[in-house]
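Read the structure below first, then the notes.
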Amino acid sequence: MRKIFFTLEAWCIAAAILLPGGLSLAAQEKITVRKTGDEFVVRSEFSPTHDLVIRNWRIANEGAYLIPKDVPLKDYRKGLLVHLNNDEYPATAFQTWGFLSGNHGSVYGRTLVIPDHQMTTADIGGKITEEDGYPYIIMQITDKDKILVHPWGSGSDYAHRLRHHRKAPLFYKGKPLPYQKSILAQLRPLNRITDYRLLADGKTPVPEDTDVVCDFVDLIFVHDVISPNAAVRSVMENPGKKPSPEWVGSWNMMMVNTPELQKQYPEYMKLAAMATYSNLYRFEARGANVLYRKAVYHSKLKGVSSLDVMYGWFGEITRKKKQYFYIPKMKPLQLKGRTKDDPVLDCDFSANYLMPEKMNLHVIFTKKDALDPEDLPDRFIRTAGDNEPELGIALGYSLINGCTARKNKSAERDQFYHFWYTKKMYPYVYSLREIEPGKTMETVCYKQYFNPKLEPDATSFYWHREGKSWLVYLDFHKELKDKLIRLPAFFAGKKITVVEKTPSLTLHTEKTIPAEGIRLDVSGKHGYIVLKLD
Numbered sequence: 005m006r007k008i009f010f011t012l013e014a015w016c017i018a019a020a021i022l023l024p025g026g027l028s029l030a031a032q033e034k035i036t037v038r039k040t041g042d043e044f045v046v047r048s049e050f051s052p053t054h055d056l057v058i059r060n061w062r063i064a065n066e067g068a069y070l071i072p073k074d075v076p077l078k079d080y081r082k083g084l085l086v087h088l089n090n091d092e093y094p095a096t097a098f099q100t101w102g103f104l105s106g107n108h109g110s111v112y113g114r115t116l117v118i119p120d121h122q123m124t125t126a127d128i129g130g131k132i133t134e135e136d137g138y139p140y141i142i143m144q145i146t147d148k149d150k151i152l153v154h155p156w157g158s159g160s161d162y163a164h165r166l167r168h169h170r171k172a173p174l175f176y177k178g179k180p181l182p183y184q185k186s187i188l189a190q191l192r193p194l195n196r197i198t199d200y201r202l203l204a205d206g207k208t209p210v211p212e213d214t215d216v217v218c219d220f221v222d223l224i225f226v227h228d229v230i231s232p233n234a235a236v237r238s239v240m241e242n243p244g245k246k247p248s249p250e251w252v253g254s255w256n257m258m259m260v261n262t263p264e265l266q267k268q269y270p271e272y273m274k275l276a277a278m279a280t281y282s283n284l285y286r287f288e289a290r291g292a293n294v295l296y297r298k299a300v301y302h303s304k305l306k307g308v309s310s311l312d313v314m315y316g317w318f319g320e321i322t323r324k325k326k327q328y329f330y331i332p333k334m335k336p337l338q339l340k341g342r343t344k345d346d347p348v349l350d351c352d353f354s355a356n357y358l359m360p361e362k363m364n365l366h367v368i369f370t371k372k373d374a375l376d377p378e379d380l381p382d383r384f385i386r387t388a389g390d391n392e393p394e395l396g397i398a399l400g401y402s403l404i405n406g407c408t409a410r411k412n413k414s415a416e417r418d419q420f421y422h423f424w425y426t427k428k429m430y431p432y433v434y435s436l437r438e439i440e441p442g443k444t445m446e447t448v449c450y451k452q453y454f455n456p457k458l459e460p461d462a463t464s465f466y467w468h469r470e471g472k473s474w475l476v477y478l479d480f481h482k483e484l485k486d487k488l489i490r491l492p493a494f495f496a497g498k499k500i501t502v503v504e505k506t507p508s509l510t511l512h513t514e515k516t517i518p519a520e521g522i523r524l525d526v527s528g529k530h531g532y533i534v535l536k537l538d
């Protein structure tokens, strides 16, 4: 598993230093992790009075809480719920299939409501047809009034020829089938989880219900996306037999991450996969979560577009009076809403856009919306507060590693963001067409909370590790002269490499990080810099 990802190194604890606003960086570079079953929480410092607790639940979805420093980690739910969402594990849009992976199943599944249908296990694998003979296969006898079906087309993942059943008359065993409703029911579990481990400092399994203090914690999570064709074919080839596990039309991700479980479900383990995703989530201090991800596509496919990091817009962060959205490297845009009654919005995301309460949008940002089509936006940042920014969240893709590295000039990135009316954050990482079996994509991305009060002159200011290096991100929307930015004491002496910056920002510090921090100027109303420290 380790060979899949970049080499990662441990690091030492920071000494205490004082930042503007009296915010201390003392001892906050440790985290505390606590595991209960397949869920765990990670605690690190947010401010002198509060810690941030990241909750990982439903396999790889996220919640966040602010708790006073004297509250035990096991009581984190007593804190302020900053954010919670059950649909954030990365999803991939498979052309003609819809979204798979993430929390998704096949969107071609349907629940047929047939009161007192009298069907039994013997009917599993049976063929229900439309008038022209097009088949739907019985996948599950849900209860006495419902069954789960899925269409059968060509059997090809590339050109499946599946239908979305809605109202067409249906027939079974030569007779009309008197169904009352045909309801969307995503066929699951297509996510076959073969590895799921939580390791303190990347080495030691985290015990149950115990507070563990460490530098970081790794969640190793590997799963296949089973081809819906393989699932239907297996039922057709085994008529009258209840599958194990059963195919269902509700949320389910299947754990087969031990030899015992794999032995328990031998037929399930044989089903062909369309893709395999190998994830290493590294949870660090300061609310940072860096994902090292490898995708291997096993089928010939028309295309995929992948979202390797997402953020649902729920919780306290969404209730603040002022909510700003900052996407560097974008042109100003005029965006029309989903209906004719919606106003046209003048959106300048590079200028740190103050979002109106309602943004009834459904728009995908593509290369034409970027200032440079060979340098697409890599980070997507929101801050929120009632009067001044109080909470910050940054989603981003690596500028130095994986498919989004600057050297790749945005190849295989035709689109970079989907703005949906709920304001959920959907940054795309890559878009592929005409995929051959064996196509492999490696990405590095992150989701990181930050305290905007750490440096009030900055729109955003955060750092985390990537491989052997540290990445520091600084964005400004004001003019500054000889500005001192204090950094953690353990950065002192590290070699500086400027990954990217705007011409409007001048860095006065050269070669290595001084003990006092770095000095810079910003001319005009906007500037940013990304530093790599070694």
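Each residue of the sequence shown is one higher than the last, beginning at 5 in this note's numbering.
C-beta atoms are modelled at their ideal positions from N, C-alpha and C, and glycine is treated no differently.
Terminal residues of the beta strand (DSSP E) in which R47 lies:
It spans E43 to E49 - the beta strand (DSSP E) in which R47 sits, taken as one unbroken run.
Within 8 Å, do at least three Cβ pairs link the segment 49-57 to the segment 296-313?
No, they do not touch.
Along the chain, where does the beta strand (DSSP E) containing L478 start, and where does it finish?
Its beta strand (DSSP E) spans residues S473 to F480.
Are there 16 or more other CB atoms within 10 angstroms of the CB of T96, so buried, or fewer, so exposed?
T96 counts as buried, since at least 16 other C-beta atoms from the protein chains shown sit within 10 angstroms of its C-beta.
Distance between beta carbons of R81 and D213, contact taken as under 8 Å
At roughly 15 Å, the Cβ-Cβ gap does not stay under 8 Å, so D213 and R81 are not in contact.
Taking Cβ positions, are G306 and T100 nearer each other than 8 Å?
Inspection of the sequence shows that residue 306 is occupied by Lys rather than by Gly. Taking 8 Å as the Cβ cut-off, K306 and T100 qualify as a contacting pair.
Three-pair Cβ contact test at 8 Å for the segment 351-363 versus the segment 323-333
Segment contact: the segment 351-363 against the segment 323-333, three or more CB-CB distances shorter than 8 Å; contact assigned.
Who are the near neighbours of H512 in its chain, counting only those whose CB is closer than 8 Å to its CB and skipping five residues on each side?
Around H512, the same chain offers D486, I522, R523, L524 and D525 as residues with beta carbons nearer than 8 Å, after the five sequence neighbours per side are excluded.
Is the Cβ-Cβ distance between F423 and P381 less than 8 Å?
Cβ atoms of F423 and P381: not closer than 8 Å.
By how many angstroms is the C-alpha of G41 removed from the C-alpha of Q4?
For residue 4 there is no data in the structure shown, the boundaries of the chain being 5 and 538.
Three-state secondary structure (DSSP) at A235?
In this structure, A235 counts as helix in the three-state DSSP scheme.
Closest by CA to L475, which one among W467, H481 and K482?
For the set W467, H481 and K482, the Cα lying nearest the Cα of L475 is the one of W467.
Three or more C-beta pairs below 8 Å linking the segment 116-133 and the segment 143-160:
Yes: at least three Cβ pairs fall under 8 Å.
If you reduce the DSSP assignment to three classes, tell me which class G406 lands in.
Reduced to three states, the DSSP call for G406 is helix.
Between I71, Y69 and P94, which has its C-alpha nearest Y430's C-alpha?
Checked all of I71, Y69 and P94; the closest Cα to Y430 is P94.
Segment contact flag, the segment 195-211 with the segment 237-250, C-beta cutoff 8 Å, min 3 pairs
Three or more beta-carbon pairs separated by less than 8 Å are not found between the segment 195-211 and the segment 237-250, which leaves the two stretches without contact.
Assuming contact is defined by CB atoms lying nearer than 8 Å, are Y434 and S282 in contact in what I supplied?
The Cβ atoms of Y434 and S282 do not sit closer than 8 Å to each other.
Under 8 Å, do D479 and T463 count as touching if we go by C-beta distance?
Taking 8 Å as the Cβ cut-off, D479 and T463 qualify as a contacting pair.
Could you give the C-beta distance for V503 and L535, rounded to a whole number, given that I count them as a contact under 8 Å?
Going by Cβ atoms, the distance from V503 to L535 rounds to 7 Å, so yes, they are a contact pair.
For L375 versus K335, is the C-beta spacing smaller than 8 Å?
Their beta carbons are under 8 Å apart, which means L375 touches K335 by this criterion.
For A415, tell me which candidate among E392, D379, T426 and R383 has the shortest Cα-Cα distance.
Checking every option, the nearest Cα to that of A415 belongs to D379.
Considering only residues of the segment 77-135, which uninterrupted beta strand (DSSP E) runs meet the minimum length of 3 residues and lie entirely inside it, listed in chain order?
84-89, 95-98, 102-105, 114-117 and 131-133, all fully within the segment 77-135.
Whole angstroms is fine: what's the gap from K304's alpha carbon to V111's?
Distance between the alpha carbons of K304 and V111: 20 Å.
Please report the Cβ distance between E66 and E92, rounded to the nearest whole angstrom; I am assuming they are in contact, meaning their Cβ atoms lie under 8 Å.
That pair is a contact at about 5 Å.
Output yes or no for whether 8 Å exceeds the beta carbon distance between P454 and A398.
Rather than Pro, the amino acid found at residue 454 in this sequence is Phe. Yes, they are a contact pair.
For Q268, which of helix, strand or coil comes out of DSSP?
Helix.
How big is the Cα-Cα spacing for A292 and L458?
Looking at the backbone, the Cα of A292 and that of L458 are separated by about 15 Å.
Within this structure, are the beta carbons of S508 and C449 separated by less than 8 Å?
For S508 and C449, no; Cβs fall outside 8 Å.
Beta-carbon proximity check, L166 vs G159, cutoff 8 Å:
No, Cβ-Cβ distance for L166 and G159 is not below 8 Å.
Using DSSP with H/G/I as helix, E/B as strand and the rest coil, what is S435?
Looking at S435 - three-state DSSP - the assignment turns out to be strand.
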